[in-house]
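For reference, the structure discussed in these notes is given below.
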Ligand SMILES: Nc1nc2c(ncn2[C@@H]2O[C@H](COP(=O)(O)OP(=O)(O)OP(=O)(O)O)[C@@H](O)[C@H]2O)c(=O)[nH]1
Ligand SMILES: [Mg+2]
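Numbering (my numbering), first residue to last: 783 to 1120.
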């Protein structure tokens, strides 16, 4: 790909490559944090030939040519140590790439109508698939008479999940989060609108870094106050990524994450007498035996099966779509009047 005039000018002016971190993405406009500054940047032309998953997302470390006068140019994305993705809301199987280089995914759910065991399990699988550690934060404990009940329920999803019940408003449970707030750590917050993600960030930082707003009284739903993903570097060396509330969270490309979340079920399956056991009427079925003895709960097993099924269906859709996209790209490159 040819270097554009703008790119040439920047190369002439600085000739210096720097490394920074993507703090915001807005279509083709990016912001990079670099020594406490936020620098506007665009992509080098050759990126437009790349697959979507190779484009920079919030949290990516990038090499760029620094331009003090205008947009800097992003040259490449450094290798990621974790990468969070999910299928888009329309369930077309097209993936949405959410954040990179996240150490802990804070799955934020409030202890009101928003609480959903099923949704938490989905987020946990996404964190496990993407290489981030899932931490469930049950917010608004001040509005709930028995937060402990929910904590134990979430703990039963997987032994790989950590759970904390907090109240950002009353400062309850915030001390427990200190262990995560260590220098060079990146924490990403995800969850429904109104769950209290931005409020929690403000409580952690002790400043109003993010805007928050009241939820609707009739159904406890939020107002989509945070509208784009935003990376914030705190003075203590912790990096936080706030995200807009998500209505639903689908499964695709995360079978490994589902298997990790439900590793005990995978292990039980491997103990069935027949390797192709459908856990139905086959003799020597370890799953049925575990359910009968009470070792495995039916609800949890059903959840594992449903998430797996959804993941497989969406994966098939994704493959079909990428076949179409590739064919379309090829046609697009030929002369239109051929
Ligand atoms: N009672 C109570 N209210 C809380 C708590 N945390 C947040 N809230 C309230 O919940 C409402 C929504 O909080 P936000 O922080 O804006 O929620 P959000 O998750 O960032 O929402 P989006 O930006 O829309 O995704 C606000 O009115 C907060 O004051 C809490 O611990 N207890
Ligand atoms: Mg918010």
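Every residue, glycine too, gets a C-beta built ideally from N, C-alpha and C. Note that this is a predicted model, so its numbers are computed, not measured.
Continuous alpha helix (DSSP H) stretch holding residue i: start and end
i: residue 1070; result: 1068-1075
i: residue 996; result: That residue, residue 996, is in no alpha helix (DSSP H); it is neither H nor E in DSSP.
i: residue 1051; result: 1045-1051
i: residue 934; result: 929-937
i: residue 986; result: 979-987
Sequence-distant residues of its chain with Cβ nearer than 6 Å to residue i (five each side left out)
i: residue 912; result: 864, 865 and 866
i: residue 1055; result: 1066
i: residue 970; result: 881, 884, 887 and 1023
i: residue 821; result: 814 and 854
i: residue 803; result: 815 and 843
i: residue 783; result: With a pLDDT of only 46 at residue 783, under 50, the local geometry of the prediction cannot be trusted, and the value read off the model is given with reservation. Within the same chain, residue 783 has close Cβ partners 827 and 828.
Distance cut-off 6 Å: residue i Cβ against heavy atoms of ligand 2
i: residue 1094; result: no
i: residue 964; result: no
i: residue 980; result: yes
i: residue 1081; result: no
i: residue 921; result: no
i: residue 987; result: no
i: residue 1008; result: yes
Any non-hydrogen atom of ligand 1 within 6 Å of residue i CB
i: residue 1023; result: no
i: residue 995; result: yes
i: residue 1026; result: yes
i: residue 1075; result: no
i: residue 946; result: no
i: residue 896; result: no
i: residue 1031; result: no
i: residue 976; result: yes
i: residue 881; result: no
i: residue 834; result: no
i: residue 909; result: no
i: residue 949; result: yes
i: residue 1004; result: yes
Inter-residue CB distance, residue i and residue j (contact presumed, cutoff 8 Å)
i: residue 1085; j: residue 810; result: Rounded, the Cβ-Cβ distance is 39 Å, inconsistent with contact.
i: residue 942; j: residue 831; result: Actually they do not touch by this definition, with Cβ atoms about 38 Å apart.
i: residue 972; j: residue 983; result: Incorrect: roughly 12 Å between the Cβ atoms, too far for contact.
i: residue 987; j: residue 950; result: Contact doesn't hold; Cβ gap of about 11 Å is too wide.
i: residue 883; j: residue 842; result: 7 Å
i: residue 1124; j: residue 933; result: Summary: the structure shown does not reach residue 1124, with the chain confined to residues 783 through 1120, and so no result is reported for it.
i: residue 1020; j: residue 967; result: 5 Å
i: residue 1023; j: residue 906; result: That pair is no contact at about 18 Å.
i: residue 903; j: residue 1089; result: 7 Å
i: residue 1096; j: residue 869; result: 5 Å
i: residue 1031; j: residue 915; result: About 18 Å separates the two Cβ atoms, so there is no contact after all.
i: residue 979; j: residue 1009; result: Actually they are not in contact, since the Cβ atoms of residue 979 and residue 1009 sit about 13 Å apart, beyond 8 Å.
Same chain, Cβ closer than 8 Å to residue i, five either side skipped, listed in chain order
i: residue 1002; result: 892, 894, 895, 896 and 976
i: residue 798; result: 847 and 848
i: residue 1045; result: 940 and 942
i: residue 857; result: 799, 826, 844, 845, 846 and 847
i: residue 1053; result: 1068
i: residue 959; result: 919, 946, 948 and 986
i: residue 898; result: 891
Residues near residue i by beta carbon distance below 7 Å, same chain, minus five either side
i: residue 800; result: 816, 846 and 848
i: residue 952; result: 924
i: residue 1116; result: Its pLDDT being 46, under 50, residue 1116 is placed unreliably by the model, and the measurement read from it follows with that caveat. Result list for residue 1116: empty, nothing under 7 Å.
i: residue 829; result: 837
i: residue 859; result: 836, 838, 842 and 844
i: residue 805; result: 813, 814, 815, 820, 840, 1012 and 1013
i: residue 1006; result: 975, 1026 and 1027
Boundaries of the beta strand (DSSP E) in which residue i is found, first to last residue
i: residue 903; result: Where residue 903 is concerned, there is no enclosing beta strand (DSSP E), although the alpha helix (DSSP H) it sits in stretches over 899-912.
i: residue 814; result: 811-816
i: residue 820; result: 819-825
i: residue 1032; result: Run containing residue 1032: none; DSSP gives neither H nor E here.
i: residue 867; result: 865-869
i: residue 1005; result: No beta strand (DSSP E) contains residue 1005, which DSSP labels as neither H nor E.
i: residue 891; result: 886-892
i: residue 843; result: 843-847
i: residue 1011; result: It is not in any beta strand (DSSP E) - residue 1011 carries neither H nor E in the DSSP assignment.
i: residue 1078; result: Where residue 1078 is concerned, there is no enclosing beta strand (DSSP E), given that its DSSP letter is neither H nor E.
i: residue 879; result: 877-882
i: residue 806; result: 799-808
i: residue 858; result: 854-859
i: residue 970; result: 968-973
i: residue 1060; result: No beta strand (DSSP E) contains residue 1060, which DSSP labels as neither H nor E.
Residue i CB to nearest heavy atom of ligand 4 below 6 Å
i: residue 925; result: In the structure shown, ligand 4 is absent; the only ligands present are ligand 1 and ligand 2.
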